[in-house]
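Data first, discussion second: the structure below is written as structure tokens.
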Amino acid sequence: MYASDDVNALLAATAFLQDGGDAGLRLRATDWSASSLGEPSGWPQGLKAAIGLLLPSRAQICLFWGPELIAFYNDGYSVAIGDNHPSALGKPAREGWSALWDVLEPLLQGVIRTGQGFEDGGHLFAQKRHGFIEHTYFDISYNPVRGAEGRVEGVFCIVSEQTRRIVDERRLNTLRILSLRQGIGHADEAARSFVDVLADIGLADTPCSMVYLRQPDGTLRFTAGHGGEPEPDLHQVRPLGDLAVDPRLAALERVARTGLVETIDCHLLARSPVEAANRLVLLPLHAGREITGVLVATENRHVQPGADYSRFFELLAAQLSALLSAARVLAEERHRTAALEQQVAAALAERATTEAQLRQSQKMEAIGKLTGGVAHDFNNLLQVVSGNLELLSRDVAGNERAERRIGNALAGVARGARLSGQLLAFSRKQTLVPRVVCVERLVAGLDDMLRRSLGEAIEIRTTIRDRIWNVLIDPAQMENALLNLAINARDAMEEQGDGRRQLAIEVDNVRLAEGDAPLQPDVSAGHYVMVAVTDTGSGMTPDIIEQVFEPFFSTKQEGRGTGLGLSMVQGFVSQSGGHIRIESEPGHGTTIRLYLPRTTRAEDTDPAISASPVQGGTETILLVEDDDGVRDIAAAMVGELGYRVLSAKDAAGALDVIGSGADVDLLFTDVIMPGWLRGPELARKARERIPGLPVLFTSGYADDAILQGGPLDAGVGLLAKPYTREALAQKLRQVLPMSGPDHDGGPARDMAGSRTVLRLLLVEDDKLIRDNSAELLTEDGHVVTRAASAERAIEVLEQGQIDVLITDLGLPGIDGLELARIARRQRPLLGLVFSTGTDSPDILASGPLADAVLLRKPYDRKSLVAAVAAASVVRRSVP
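In our numbering, the protein residues as written are 34 to 912.
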């Protein structure tokens, strides 16, 4: 019996073995009485410290200690030595590593003798693992461990196995070198070149190889090899089929006939002097669907077999097949060249002529496209020049000299327009307003519009699952996205011909988990509403799918689109926190799935929209703007609209005005201002003092920080700089509480009631032309709503009454003609004006748009006003 103090002392003396996993448990269970080290409690302190360090470590560590180099290692290292564990633990290294002692002993003795550490990367060790002697590779670091007297008592070894990496890199290098073998014009030469590479750098994976090629008479002939020779009766293999009694012949013939890979024992086929050769793998060689030969490759008995090894052999066969096919093509080409030298010479001459004609044609086509783009942009510039000259002419009325110069400038614009007409060839980031939307109702509400847009020839099927979740999106942009997808589907089905034309829309709730196929790196797992649009059109190839979301990429005929539709859809979905997925196959249609994140918030109600003409008011506006010039002009514009204006240069001044007790009905503030408060912070503090105070922000940045958190609060608006007087008036009335009489939906009257004021929707993607034209029309007394795209115009048409639509034909996304068709289906009496710098589209010659008025760019005030008036008269005359 031990006394309690003795037991505690023994436990303390062996505490270094307590935290070591399986290796520590085995060391504690070992009988050390017969060992030269004796019991663990009496081991040197240096040995204890080293063992206490390595046992709990996650690194692969082994300690060799004492004259016998007794081995101590941890669980991580036990995996690396394979079958040597556990017999090597606690034993002299000569016993535990007998198979590679000739390699290991010099390394260990070198550290002990010199007292210097040793490091090496990818060091080769041949050791027994997985039941065979395996060639393994390790990054090693051997360092001396000194005892109490300073002598080297042991070697501390840290290793990291690199076998998988080195083998993979070695095989990839072999395949890479093989892929560089090009331009060989004979099959036998190609086969010899292939085995030369294997003999040079591929021996570690393929100690032996043999290539058999099929001959014109159907036999297989040994053509090239390395590492061994086939037996004499196996140099020529005839297709005997079931009559082949010799299993060696049968295996070769069977692979050449069935195209299936087989594995047989090495001694069945060849006498090989290579010790490492193991089983034989027989792989078919292909040229298309034809089997042209057999590659016989030996496994290395020191390399772990498995799927990776088999795949490597398959890739070798594929490389050789490609090399042989290329050689066969080159040989055939050379043969034809030799037999038909005169015909080839004539063909080359004809080809040279054809290529010259083709280059000329391509050059002319490129010039045509270039001049068309230049002419288009030139017309836009002429529009800006002519519009501003028109405005300036009113300011200089009565000044004969100035009027004459303006007249000369306008004549120059006309000459420029004629020049651009000679060059012309028709060429072909949005702020979201998200709301909680029920996609089920949104899709159902689009049914009529889709049917009108697609026509009766396309069958539309809508499948909506039960209890669809709500999503937080911009409903107008979602409708535009679906309309874009539907129009693309229609065009694809038209290309398909007279087959069945069906558009299917599916809405469902889905949960995307980690690892699900649709997930992209930037998409989180979670709950989504999935909207799928499927067509029976022509489908797309994988290379087209890879490019389909790129801006300006289009498979449509020139003039049928800009290539922005799908990129706009993808941008909207991504901006809404979702993602888009496309599935397509040539001849089998296309499915595009939109994944929109679920929200648990209740659905928002539709906002009330007033169609009343824009008016001023008598409320008090607090204007906050740090730029003196901007503040002065803004104050003048607001004052001209009838409002009372209070001005402040910064947020502190604005808060002083509010703190003074002044009546303020709306805060009109710049977003970016100097000082300690910016616009959003000022608005928050102002609303703390005047609850519910309407706020109108203005900013010169399209992607402003106030929109990053989602939709604007009620009673808050944003007006982008630069803005016109009309835009300011409209936005003030939108943000201020509604007042004034309702309107009956007909054309508005001016204040004197003397003439008709038309409500116009102006759609133009060029901002300068859009603003200039709107100003001309506003000065003529009309109410103008502007839109930079057809998608925005559709939203405006759905929200309020419009008398005349004025649209550019060459809009991005949905073009002007398509917009007009959609608008007419919604509002049959809508007046139409098409502005264009090209000749009249054929579509205007007849059909439902034949009554549209054509307005050629560049146009002046007179022609613009006359076109609007004509469109208004035409539509009022329709019964």
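The C-beta atom is built at its ideal place from N, Cα and C for all residues, glycine as well. Quick caveat: nothing in here was measured; it's all calculated off a predicted structure.
How far does the alpha helix (DSSP H) with residue i in it extend, from its first residue to its last?
{"i": "Ile-234", "result": "220-234"}
{"i": "Glu-323", "result": "Segment 323-333 is the beta strand (DSSP E) holding Glu-323; no alpha helix (DSSP H) there."}
{"i": "Thr-207", "result": "196-212"}
{"i": "Glu-347", "result": "340-372"}
{"i": "Val-671", "result": "661-673"}
{"i": "Val-886", "result": "That residue, Val-886, is in no alpha helix (DSSP H); its beta strand (DSSP E) goes 886-889."}
{"i": "Tyr-110", "result": "108-113"}
Which residues bound the beta strand (DSSP E) around residue i?
{"i": "Ile-613", "result": "612-617"}
{"i": "Gly-750", "result": "749-753"}
{"i": "Tyr-245", "result": "242-247"}
{"i": "Val-868", "result": "Per the sequence presented here, residue 868 reads as Ser, with Val not at that position. Segment 864-869, the beta strand (DSSP E) holding Ser-868."}
{"i": "Leu-838", "result": "837-841"}
{"i": "Asp-481", "result": "Element bounds for Asp-481: not the beta strand (DSSP E) but the alpha helix (DSSP H), 480-487."}
{"i": "Val-796", "result": "792-796"}
Using three-state DSSP, classify residue i as helix, strand or coil.
{"i": "Leu-102", "result": "coil"}
{"i": "Arg-858", "result": "helix"}
{"i": "Tyr-628", "result": "strand"}
{"i": "Arg-819", "result": "strand"}
{"i": "Gly-54", "result": "helix"}
{"i": "Asp-135", "result": "helix"}
{"i": "His-409", "result": "Bear in mind that the predicted position of His-409 carries a pLDDT of just 44, short of 50, making it too unreliable to give a figure here."}
{"i": "Gly-143", "result": "helix"}
{"i": "Glu-72", "result": "coil"}
{"i": "Asn-432", "result": "coil"}
{"i": "Arg-494", "result": "strand"}
{"i": "Ala-903", "result": "helix"}
{"i": "Ile-723", "result": "coil"}
{"i": "Leu-897", "result": "helix"}
{"i": "Pro-263", "result": "strand"}
{"i": "Met-706", "result": "coil"}
{"i": "Ser-152", "result": "Note on identity: in this sequence residue 152 is Glu, with Ser being the wrong assignment. Glu-152 falls in the strand class under three-state DSSP."}
{"i": "Gly-559", "result": "strand"}
{"i": "Glu-182", "result": "coil"}
{"i": "Gln-337", "result": "coil"}
{"i": "Pro-280", "result": "helix"}
{"i": "Thr-47", "result": "coil"}
{"i": "Phe-586", "result": "coil"}
{"i": "Ala-525", "result": "helix"}
Please tell me whether, using a cut-off of 6 angstroms, the distance from the CB of residue i to the nearest non-hydrogen atom of the ligand ATP is below it.
{"i": "Ala-121", "result": "Questions concerning the ligand ATP fall outside what the structure shown contains, since it holds no ligand whatsoever."}
According to DSSP, what are the bridge partners of residue i?
{"i": "Asn-176", "result": "Phe-189"}
{"i": "Glu-295", "result": "Leu-315"}
{"i": "Leu-157", "result": "Tyr-170"}
{"i": "Ser-680", "result": "Leu-656"}
{"i": "Asn-503", "result": "Cys-471 and Thr-632"}
{"i": "Phe-730", "result": "Thr-702 and Leu-751"}
{"i": "Asn-542", "result": "Val-562"}
{"i": "Leu-253", "result": "Arg-247 and Val-270"}
Quick one, which of the options has its alpha-carbon nearest residue i's?
{"i": "Asp-841", "options": "Leu-830, Ala-853 and Gln-834", "result": "Ala-853"}
{"i": "Met-670", "options": "His-612, Glu-759, Arg-634 and Thr-624", "result": "Glu-759"}
{"i": "Glu-152", "options": "His-168, Val-188 and Ala-121", "result": "Val-188"}
{"i": "Ala-856", "options": "Val-829, Arg-312, Gln-142 and Pro-845", "result": "Val-829"}
{"i": "Thr-252", "options": "Gly-258, Val-244, Glu-286 and Ala-224", "result": "Glu-286"}
{"i": "Ala-364", "options": "Gln-269, Arg-485 and Asp-221", "result": "Asp-221"}
{"i": "Gly-662", "options": "Thr-651, Arg-677, Ala-681 and Val-178", "result": "Ala-681"}
{"i": "Val-602", "options": "Glu-366, His-621, Val-566 and Ser-617", "result": "Val-566"}
{"i": "Arg-184", "options": "Pro-77, Trp-65 and Arg-468", "result": "Pro-77"}
{"i": "Ser-358", "options": "Asp-250, Pro-317, Asp-298 and Ala-223", "result": "Ala-223"}
{"i": "Ser-486", "options": "Ala-885, Leu-102, Leu-850 and Thr-869", "result": "Leu-850"}
{"i": "Arg-179", "options": "Ala-289, Ser-212, Leu-205 and Ile-145", "result": "Ile-145"}
{"i": "Ala-82", "options": "Ser-587, Asp-229 and Ala-181", "result": "Ala-181"}
Item to check | Meets three-Cβ-pair contact criterion under 8 angstroms: the stretch 205-223 and the stretch 167-180 | outcome: no
Checklist entry - Are the stretch 792-803 and the stretch 564-578 touching, with three or more C-beta to C-beta distances below 8 angstroms? => result no
Checklist entry - Does the stretch 227-239 touch the stretch 330-341, meaning 3 or more C-beta pairs lie closer than 8 angstroms? => result In the pairwise beta carbon analysis, the stretch 330-341 is classified as touching the stretch 227-239: at least three pairs are separated by under 8 angstroms.
Checklist entry - Quick one: any contact between the stretch 140-160 and the stretch 109-128, if contact means 3 or more CB pairs under 8 angstroms? => result yes
Checklist entry - Counting Cβ pairs closer than 8 angstroms, one from the stretch 683-699 and one from the stretch 720-731, do we hit at least three? => result yes
Checklist entry - Okay, do the stretch 471-484 and the stretch 509-517 touch, 3+ Cβ pairs below 8 angstroms being the bar? => result Yes: the two stretches touch, three or more of their Cβ pairs being nearer than 8 angstroms.
Item to check | Touching by the beta-carbon criterion (3+ pairs, under 8 angstroms), the stretch 133-140 and the stretch 61-73 | outcome: no
Checklist entry - Do the stretch 102-110 and the stretch 120-130 touch if we need at least three Cβ pairs shorter than 8 angstroms? => result Result yes; three or more Cβ-Cβ pairs closer than 8 angstroms.
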